[in-house]
Amino acid sequence: MATYILRRLLLIAPTLFGMLLLSFILIQFTPGGPVERVLAQLQGTDVGATARIGGSNAGEAGGANASAGAAGDAGMAGKYRGAQGLDPEFIKKLEKQFGFDKPAYVRFFMMLRDYLTFNFGQSYFRDVSVLHLIIEKMPVSISLGLWLTLISYLVSVPLGVAKAVRDGSTFDVWTSAVIIGGYAIPGFILAVLLIVLFAGGSYWSIFPLRGLTSDNFDELSLLGKIGDYAWHLVLPLTALGVGSFATMTLLTKNSFLDEIRKQYVMTARAKGLSENQVLYRHVFRNAMLIVIAGFPGAFVGAFFSGSLLIETIFSLDGLGLLGWRAAIDRDYPVLFATLYIFGLFGLLTNLLSDILYTLIDPRIDFETREV
Numbered sequence: 604m605a606t607y608i609l610r611r612l613l614l615i616a617p618t619l620f621g622m623l624l625l626s627f628i629l630i631q632f633t634p635g636g637p638v639e640r641v642l643a644q645l646q647g648t649d650v651g652a653t654a655r656i657g658g659s660n661a662g663e664a665g666g667a668n669a670s671a672g673a674a675g676d677a678g679m680a681g682k683y684r685g686a687q688g689l690d691p692e693f694i695k696k697l698e699k700q701f702g703f704d705k706p707a708y709v710r711f712f713m714m715l716r717d718y719l720t721f722n723f724g725q726s727y728f729r730d731v732s733v734l735h736l737i738i739e740k741m742p743v744s745i746s747l748g749l750w751l752t753l754i755s756y757l758v759s760v761p762l763g764v765a766k767a768v769r770d771g772s773t774f775d776v777w778t779s780a781v782i783i784g785g786y787a788i789p790g791f792i793l794a795v796l797l798i799v800l801f802a803g804g805s806y807w808s809i810f811p812l813r814g815l816t817s818d819n820f821d822e823l824s825l826l827g828k829i830g831d832y833a834w835h836l837v838l839p840l841t842a843l844g845v846g847s848f849a850t851m852t853l854l855t856k857n858s859f860l861d862e863i864r865k866q867y868v869m870t871a872r873a874k875g876l877s878e879n880q881v882l883y884r885h886v887f888r889n890a891m892l893i894v895i896a897g898f899p900g901a902f903v904g905a906f907f908s909g910s911l912l913i914e915t916i917f918s919l920d921g922l923g924l925l926g927w928r929a930a931i932d933r934d935y936p937v938l939f940a941t942l943y944i945f946g947l948f949g950l951l952t953n954l955l956s957d958i959l960y961t962l963i964d965p966r967i968d969f970e971t972r973e974v
C-alpha cells in the first residue's frame, strides 16, 4: 500500500502541471483580458477604473484621455480593443503591471514556481492577496459542503437500507417517486420558492434571507451563535440538499440488494440468524464499502460545486461566487489559484478514498493494481 500511495503522490505533480498548462493555453485564446477591461473602463464612464491600476498609472491615464488622438498607436490599437487614442507608454505600463510584458511561457513557469510555495500573488482588481481572498471565502463553502454531505448521508443511508429491505413494496415505490421528484427540481427554483414561502417573500418570515450569521452575531451567547448559524443554513441546505438524496439513496439501496442476494447471506439465514443479525452483522459492512469510501469525494464535490446561483440568491459569498467573478473580471491570479487548489484537493481526496477502501475491507490490495 505504501508503494501505491507514493506512486499516486508522485503523479499529482504532472497532473496539476497538465491541468494548469491546458487552462493557461485556453486563456491565451480567450477574447478580452485584464488590460482590455481596464481600457474599456477608462474609455467609458466608470470613474473607479483608475483606482484599480495604481496611483502613477492613474494620473497618466487621465493625461492619456485628455490627449486622445494625439498619441494613438496603430500597433497598440490593433493589439487591444479600446486602445485607440491612449498613450502607448501608458498601455505598456499596464502590461507591465499585469505581467503581460513577458512572453507567455515565461509567465507560465513563473506561476508554477510561485504555486509550489502557495504564493498566488495579488488579485488584479481587489488590491488584496489571492490566498487571503480564498481563506476569506472558505467558511461559506466549508459550511455548505460539510453539512450538505453529512445530512445527505444521514438521510440517504438509512433510507436506502429501508428501501432495500422493502424492495418492491409501496414504501419503496413512493419514496423513489419523492426523491426522484426532488432530484428533478432545479436547486435555484426551489431556493426562490423557499424564500417566497418562508423568508418574508410573500407568506411567512420564519428564516433569515441572507448570509451565514445575523448582524448581532458577536453579541450572542455560544448557544445563541450555534442556533443563529444553523438557522441561516436551513434554507440554503434545503435548496441544495433535496436534489442530492436520490443518488446516494439509490446507491445504498442497490449495494444492499447486491449483497443480500449473495450466497453467504443465504447461508447465514440457513444457520438460523435473525434478519437484523444477517443485515447488520454480515451485509452492512460489505454493502457500505462503496458508500463510506466515497465520503471524501462527496464532501469535496459538495464543497467545490456549491451552487453559484444558491450563493447568489442567499447572498453567501463563497468560492463559487469568487470563481465566477474572477472569470468575469479576467482576474487571472484568482482564477488559476482556485483551479490549482480545487485540482490539488480533488487528487488528494481520490487517494484518500482508495485508502478508506483498504481500511474498510483489508481484502482490497492496490499494490498489484496499475495506477
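Residue 759 in my numbering is what sits at position 156 of the sequence shown, and the numbering runs on without skipping anything. Cβ atoms here follow ideal geometry from the backbone N, Cα and C, with glycine treated the same way.
Look at residue 779 here: in three-state DSSP terms it is helix.
Taken atom to atom, the span from the alpha-carbon of residue 710 to that of residue 620 is near 14 Å. Residue 803 is a Cβ neighbour of residue 812, given a cutoff of 8 Å. The beta carbon of residue 837 sits closer than 7 Å to the beta carbons of 810 from its chain, once the five residues preceding and following it are set aside; these are given in chain order. Spatial neighbours of residue 762 in its own chain (CB-CB distance under 7 Å, excluding positions within 5 residues in sequence) are listed in chain order as 778 and 852. Beta bridge pairing from DSSP links residue 802 with 808. Rounded to whole angstroms, the gap between the alpha carbons of residue 882 and residue 863 is 8 Å. Distance between residue 822 and residue 816, taken at the CA atoms: about 12 Å. Within the DSSP bridge table, the entry for residue 732 names 725 as partners.
Where residue 610 is concerned, the enclosing alpha helix (DSSP H) starts and stops at 605 to 631. Just measuring C-alpha positions, the residue of 735, 728, 945 and 707 sitting nearest residue 929 is 728.
Taking C-beta atoms as the reference points, residue 706 and residue 935 fail to come closer than 8 Å.
When C-alpha distances from residue 743 are compared across 830, 919 and 613, the shortest belongs to 919. Contact between residue 938 and residue 926 holds, since their C-beta atoms are separated by about 7 Å, short of 8 Å. Residues of the same chain with their beta carbon placed closer than 7 Å to that of residue 879 are lacking, with the five preceding and five following residues left out of the count. DSSP places residue 744 in the helix class (H, G or I) of the three-state scheme. Residue 793 and residue 746 have their C-alpha atoms some 19 Å from each other. Under a 10 Å Cβ-count criterion, residue 692 is classified as exposed, with fewer than 16 other Cβ atoms of the shown protein chains found around its own Cβ. Here residue 622 really is in contact with residue 946; their C-beta atoms are around 5 Å apart, less than 8 Å.
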